[in-house]
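Below is one structure, written out as structure tokens; comments come after it.
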Ligand SMILES: Cc1cc2nc3c(=O)[nH]c(=O)nc-3n(C[C@H](O)[C@H](O)[C@H](O)COP(=O)(O)O)c2cc1C
């Protein structure tokens, strides 16, 4: 098997969570002797090359972040430029997101499930998992720890059934959180969570409250226009 | 205030406006933005609007004035062509870039994780589309998107049913 893996995130590769997930996933592929080539759509310059790889190969995997309940606008634009192919080609997806529960990704998954038909190709399943927002915020060691489970999914993919197997479905984790867990989360979000985010912002050089109503209160930048970067 | 954002190549927003006027809508109560010729980038996912310049997008193009209008509107109607049964990328880009209206802060609402909205406004959204849209899917997506913005879906209407959509605007 030889797989073409396309990172469908608009975020530059260096900071892309999907990129770190792909790195772990492909370790699993290598482990099982599957070769692969990887691309990223965030660099428009490479689109022609990606289309060429898509055209020439039959095992395609698009890994992507959920953007407002579906695929990112940039990926939609890219998809519109793909050539039509037939069902010798199999298209699978790795969908990841910020929110942690499985139910958050189902609307995106449903789009991806139907997409191969529009492109003329065969559906190879969709690996679904959330709780990935923080990857870019932590150090390399922690990143590897968070993305480690994806390696086993690479090994599973290497067996040739895409993500259609039960093990891939189980990978999502809980569909909803139970009430006690939700209550604890609510408290953590209001306290520690806020502090952590404010701290992350400070390390980016930001010292204004993260929930500032800039367009109602900001006067020093003139008529509430807000500042530029 | 009803805001319509038209990204269609056939500019069907104009027909929606005609319909509104025929029904006696007050022209000060709605606005149509046709995005033809505007520079509207996709969201680049930099997270600046959450963590570096809260509430302000780092991409400087023609989008900010639109977002400001969205923030003041009671209803936002996305008027879109469809591809793969879904809204066009031009419309999706406009939706992806609403993040400055949302904060990084989290909460649990109706049993699911959500972000806390930045402003105390409720921005309901609806869709009017051309072409071969997947009606059931678009309805689901619009509802889920509204859920994320703490608002309600106004419904999804194909072009031929725009009269019904207009009735929801009055
Ligand atoms: C514009 C935008 C919209 C997003 N929408 C959602 C969403 O609807 N649900 C969700 O769980 N995460 C959402 N996220 C979070 C991303 O899916 C998540 O942070 C992902 O790990 C980013 O991967 P990347 O770094 O490869 O782009 C969104 C992020 C952005 C920038």
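Residue numbers (my numbering), protein chains in the order written: chain A, 116 to 344; chain B, 16 to 185. The C-beta atom is built at its ideal place from N, Cα and C for all residues, glycine as well. Note that the structure is a prediction, hence the values are computed from the model and not measured.
Starting from the beta carbon of residue i, find every residue of chain A whose beta carbon is closer than 7 Å, and list them in chain order.
| i | result |
| --- | --- |
| residue 60 of chain B | 124, 125, 126 |
| residue 119 of chain B | 312, 325 |
| residue 111 of chain B | 182, 183, 187, 188 |
| residue 133 of chain B | 326, 328 |
For the candidate residues the options, whose alpha-carbon lies nearest to that of residue i?
| i | options | result |
| --- | --- | --- |
| residue 131 of chain A | A:154, A:192, A:219 | A:154 |
| residue 299 of chain A | B:104, B:151, B:161, B:123 | B:123 |
| residue 26 of chain B | B:94, B:184, B:183 | B:94 |
| residue 103 of chain B | B:142, B:133, B:114 | B:142 |
| residue 70 of chain B | B:148, B:134, B:55 | B:134 |
| residue 312 of chain A | B:24, B:121, B:20 | B:121 |
| residue 209 of chain A | A:270, A:136, A:325 | A:136 |
| residue 145 of chain B | B:126, B:36, B:96 | B:96 |
| residue 280 of chain A | A:243, A:129, A:302, A:161 | A:243 |
| residue 321 of chain A | B:181, B:170, B:68 | B:68 |
| residue 108 of chain B | B:125, B:163, B:181, B:82 | B:82 |
| residue 74 of chain B | B:66, B:60, B:87 | B:60 |
| residue 178 of chain B | B:33, B:18, B:22, B:17 | B:33 |
Just to make sure I have the definition right: I need the residues of chain B whose C-beta is within less than 8 Å of the C-beta of residue i. Which are they?
| i | result |
| --- | --- |
| residue 185 of chain A | 101, 107, 156 |
| residue 308 of chain A | 120, 121 |
| residue 230 of chain A | 99 |
| residue 321 of chain A | 66, 67, 68, 69 |
| residue 301 of chain A | 122, 123 |
| residue 304 of chain A | 120, 121, 122, 123 |
Are the C-beta of residue i and some C-beta of chain E separated by less than 8 Å?
| i | result |
| --- | --- |
| residue 167 of chain B | The chain labelled as chain E is not found among the protein chains of the depicted structure, namely A and B. |
When the Cα atoms are used, what is the spatial distance from residue i to residue j?
| i | j | result |
| --- | --- | --- |
| residue 276 of chain A | residue 239 of chain A | 7 Å |
| residue 212 of chain A | residue 42 of chain B | 41 Å |
| residue 252 of chain A | residue 134 of chain A | 14 Å |
| residue 148 of chain B | residue 319 of chain A | 41 Å |
| residue 98 of chain B | residue 186 of chain A | 13 Å |
| residue 160 of chain B | residue 183 of chain A | 6 Å |
| residue 170 of chain A | residue 306 of chain A | 50 Å |
| residue 333 of chain A | residue 56 of chain B | In this predicted model, residue 333 of chain A has a pLDDT of only 49, less than 50, meaning its place in the structure is not dependable enough to derive any value. |
| residue 85 of chain B | residue 248 of chain A | 26 Å |
| residue 150 of chain B | residue 176 of chain B | 12 Å |
| residue 24 of chain B | residue 54 of chain B | 15 Å |
| residue 263 of chain A | residue 226 of chain A | 27 Å |
| residue 20 of chain B | residue 28 of chain B | 8 Å |
| residue 286 of chain A | residue 272 of chain A | 13 Å |
| residue 173 of chain A | residue 118 of chain A | 8 Å |
| residue 268 of chain A | residue 185 of chain B | 51 Å |
| residue 128 of chain B | residue 221 of chain A | 14 Å |
| residue 131 of chain B | residue 117 of chain B | 6 Å |
| residue 343 of chain A | residue 266 of chain A | Confidence in residue 343 of chain A is poor, its pLDDT being 43 and thus under 50, which makes the residue's placement unreliable; the coordinate value appears in the next sentence. Residue 343 of chain A and residue 266 of chain A: Cα-Cα distance of roughly 41 Å. |
| residue 190 of chain A | residue 330 of chain A | 30 Å |
So what does DSSP say about residue i, is it helix, strand or coil?
| i | result |
| --- | --- |
| residue 267 of chain A | helix |
| residue 100 of chain B | coil |
| residue 212 of chain A | coil |
| residue 77 of chain B | coil |
| residue 253 of chain A | coil |
| residue 284 of chain A | helix |
| residue 47 of chain B | strand |
| residue 130 of chain A | helix |
| residue 278 of chain A | coil |
| residue 334 of chain A | Only weak support is given to the placement of residue 334 of chain A: the predicted model assigns it a pLDDT of 48, under 50, and the question is left unresolved by the model. |
| residue 36 of chain B | helix |
| residue 324 of chain A | coil |
| residue 177 of chain B | helix |
| residue 231 of chain A | helix |
Would you say residue i lies against chain B (beta-carbon separation less than 8 Å)?
| i | result |
| --- | --- |
| residue 329 of chain A | yes |
| residue 217 of chain A | no |
| residue 233 of chain A | yes |
| residue 208 of chain A | no |
| residue 155 of chain A | no |
| residue 214 of chain A | yes |
| residue 241 of chain A | no |
| residue 291 of chain A | yes |
| residue 273 of chain A | no |
| residue 138 of chain A | no |
| residue 278 of chain A | no |
| residue 178 of chain A | no |
I want to see whether chain A comes within less than 8 Å of residue i, judged by CB atoms only; does it?
| i | result |
| --- | --- |
| residue 71 of chain B | yes |
| residue 83 of chain B | yes |
| residue 159 of chain B | yes |
| residue 90 of chain B | no |
| residue 144 of chain B | no |
| residue 16 of chain B | no |
| residue 52 of chain B | no |
| residue 152 of chain B | yes |
| residue 127 of chain B | yes |
Chain A partners of residue i, CB-CB under 8 Å?
| i | result |
| --- | --- |
| residue 41 of chain B | Correct list: empty, because the minimum Cβ distance to chain A is about 25 Å. |
| residue 57 of chain B | 125, 187, 188, 189, 192 |
In chain B, which residues lie with their C-beta within 7 Å of the C-beta of residue i?
| i | result |
| --- | --- |
| residue 195 of chain A | 98, 104 |
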